[in-house]
Amino acid sequence: MIFSPFEIAETLRMFTEENLDVRTITMGINLLDCADSDARRAASRVYDKITRSAARLTEVGNQIEAELGVPIINKRISVTPISMVAGACLDGSARAAAGGRAGDGPMLFAETLERAAQEVGVDFLGGFSALVHRGLTPADERIIRAIPAALASTDKVCASLNVASSRAGINMDAVQLAAGAMKEAADRTRDRGGFAASRLVTFANAPEDNPFMAGAFHGPGNPDTVVHVGVSGPGVVQRQLPAGERRRGYGPRCRDGRTHA
Amino acid sequence: MSEDEAMARAAEMGVLTLEKLEAMTAICSVGLDMIAVPGDTSVDTLAGIIADEMAIGVMNHKTTAVRIIPVPGKIAGEWVEFGGLLGRAPIMPVSRASCTGFVRRGGIIPAPVTGFRN
């Protein structure tokens, strides 16, 4: 592909004068192949898969920033909703109900995700999540009840819940659990203004490829790994609507979807 | 809310309320994001706000989301500082009327008839 000098200059202007930047690059990572009936083995696989897949994510991001002069504000990871991965060991079996081995519960996965995120140097990791719009599996419920502790004891892990959809309706039991998690997460971080609650998002119709924090997760319809690129545009839009022209109305600029001077 | 300075200012002036924001999400935007509410807001009231927002998503066949922070120890009109990209947000007043009877019914609120389309 050959770019004209005009295109190059135009792009440079967007970066230097119009606040265009890459808001985030988010690597989606499938963790379904990490499931195991032994929680510690599953957690170990989760750590290995994330640190292997995203080993060079921040490094390459930094290289692109340096090479092209494009600011990349955040580097992030989204993973398979963890209740789907942990379902094999956080099931409703007698062993799980009895608590399994000490430290084998949902917090093992929260701590593992945090450790992996720290290791690869990303800003956030989304996917301490459960999709419960039709109902809850035993693993879903254990993950949801662990969300406040998971968010309060980590810095990078983000949680999300899908509690409703246009096909299933609204799962009011899950809505109540989500509200309780929101409240408890805030209470557990009262010294920081309830900050942990800002890493929990409750959805209707959550898209399965959502790269936006705190609600990012890597849904089951995705490939093994994928990189999402989010571009920031408000500065460019503002540039197109300079102060003196805002009084002219929308019509001249929007009549055929193109910008008119 | 906290991530947009102009919106935070409008909320402080009482121009943007929680109810108005919720109404706006029926047309545009994807929900109530980074909204700070009083720390004594009950779990049932939070559940009511979530359920209302979910209904907007379900009926409009679009994604809606709720990210609310019930800020411990803060009351409406005060501010909370989160720092960094998340900025600061005014604590928005929340209706004191109870929705306990409704939200504690539990179970599933059925999908609209259009949910049968395949």
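Sequence order for the protein chains is Z and X. For the first sequence, the positions run 270 to 530 when the numbering used here is used. For the second sequence, the positions run 1156 to 1273 when the numbering used here is used. Backbone N, C-alpha and C define an ideal beta-carbon position, used for all residues, glycine too. In this text, all values refer to a predicted model and were calculated from it rather than measured experimentally.
Give me the residue from the options with the minimum Cα distance to residue i.
i	options	result
residue 469 (chain Z)	X:1159, X:1187, X:1164, X:1165	X:1187
residue 1161 (chain X)	X:1177, X:1202, X:1245	X:1245
residue 473 (chain Z)	X:1272, X:1175, X:1226, X:1215	X:1215
residue 377 (chain Z)	Z:347, Z:296, Z:354	Z:354
residue 451 (chain Z)	X:1211, X:1199, X:1231	X:1199
residue 491 (chain Z)	Z:273, Z:296, Z:276	Z:296
residue 1238 (chain X)	Z:464, Z:481, Z:498, Z:274	Z:464
residue 1205 (chain X)	Z:488, Z:500, Z:424, Z:433	Z:433
residue 430 (chain Z)	Z:462, Z:280, Z:457, Z:466	Z:466
residue 1184 (chain X)	X:1203, X:1166, X:1208, X:1226	X:1208
residue 359 (chain Z)	Z:293, Z:449, Z:384, Z:312	Z:312
residue 389 (chain Z)	Z:322, Z:420, Z:428	Z:322
residue 393 (chain Z)	Z:399, Z:410, Z:348, Z:455	Z:348
residue 385 (chain Z)	Z:423, Z:304, Z:402, Z:499	Z:423
residue 483 (chain Z)	X:1229, X:1252, X:1220	X:1220
residue 1260 (chain X)	X:1210, X:1203, X:1243, X:1251	X:1203
residue 1225 (chain X)	X:1210, X:1192, X:1217, X:1236	X:1192
Grouping DSSP H, G and I as helix and E and B as strand, with all else coil, what is residue i?
i	result
residue 283 (chain Z)	helix
residue 526 (chain Z)	Only weak support exists for where residue 526 (chain Z) lies, its pLDDT of 49 falling under 50; the value from the coordinates is given anyway. The answer is coil: DSSP assigns residue 526 (chain Z) none of H, G, I, E or B.
residue 299 (chain Z)	coil
residue 261 (chain Z)	Since the first residue of chain Z shown is 270 and the last is 530, residue 261 (chain Z) is not available in this structure.
residue 499 (chain Z)	strand
residue 1181 (chain X)	coil
residue 305 (chain Z)	coil
residue 1198 (chain X)	helix
residue 389 (chain Z)	helix
residue 1218 (chain X)	coil
residue 447 (chain Z)	helix
residue 1267 (chain X)	coil
residue 339 (chain Z)	coil
residue 1176 (chain X)	helix
residue 1230 (chain X)	coil
residue 1159 (chain X)	coil
For a cutoff of 8 Å on Cβ pairs, would you count residue i as touching chain Z?
i	result
residue 1217 (chain X)	yes
residue 1248 (chain X)	no
residue 1236 (chain X)	yes
residue 1176 (chain X)	no
residue 1230 (chain X)	no
residue 1313 (chain X)	Nothing in the structure corresponds to residue 1313 (chain X), since chain X is present only between 1156 and 1273.
residue 1209 (chain X)	yes
residue 1190 (chain X)	no
residue 1193 (chain X)	no
residue 1205 (chain X)	yes
residue 1164 (chain X)	no
Under a CB-based cut-off of 8 Å, is residue i close to chain X?
i	result
residue 474 (chain Z)	yes
residue 291 (chain Z)	no
residue 485 (chain Z)	no
residue 422 (chain Z)	no
residue 345 (chain Z)	no
residue 463 (chain Z)	yes
residue 467 (chain Z)	yes
If you measure beta-carbon to beta-carbon, which residues of the segment 440-460 of chain Z are closer than 7 Å to chain X? Against chain X - using a Cβ distance shorter than 7 Å - the residues of the segment 440-460 of chain Z are 440, 441, 442, 444, 445, 447, 448, 449, 451, 452, 455, 456, 459.
Interface residues of the segment 371-404 of chain Z facing chain X [CB-CB below 7 Å]: For the segment 371-404 of chain Z, which is checked against every Cβ of chain X, not one residue is closer than 7 Å.
Contact set between the segment 405-419 of chain Z and chain X, restricted to residues whose Cβ is under 9 Å from the partner: Flagged: no residues at all.
For the segment 1245-1271 of chain X, list every residue whose C-beta sits within 8 Å of some C-beta in chain Z, in sequence order. Answer set for the segment 1245-1271 of chain X: 1258, 1259, 1260, 1261, 1262, 1263, 1264, 1265, 1266, 1267, 1269, 1270.
Between the segment 308-328 of chain Z and the segment 337-346 of chain Z, do at least 3 Cβ pairs fall closer than 8 Å? A contact is defined here as three or more CB-CB pairs under 8 Å, and the segment 308-328 of chain Z meets this definition with respect to the segment 337-346 of chain Z.
Along the segment 299-313 of chain Z, where does the CB come closer than 7 Å to a CB of chain X? Name the residues. Near chain X, meaning a CB-to-CB distance below 7 Å, no residue of the segment 299-313 of chain Z qualifies.
Do the segment 478-497 of chain Z and the segment 435-448 of chain Z touch if we need at least three Cβ pairs shorter than 8 Å? The segment 478-497 of chain Z vs the segment 435-448 of chain Z: no contact.
Of all the residues that make up the segment 424-436 of chain Z, which are near chain X by a beta-carbon distance shorter than 9 Å? Cβ contacts with chain X: 429, 432, 433, 434, 435, 436.
Is the number of C-beta pairs between the segment 395-414 of chain Z and the segment 1171-1191 of chain X that are closer than 8 Å three or more? By the Cβ rule, the segment 395-414 of chain Z does not count as touching the segment 1171-1191 of chain X, because fewer than three pairs are nearer than 8 Å.
With 9 Å as the C-beta to C-beta threshold (strictly closer), list the residues of the segment 325-337 of chain Z near chain X in chain order. Hits within the stretch: zero.
Against chain X, which members of the segment 270-287 of chain Z pass a CB distance test of less than 7 Å? Result list empty, no residue passes.
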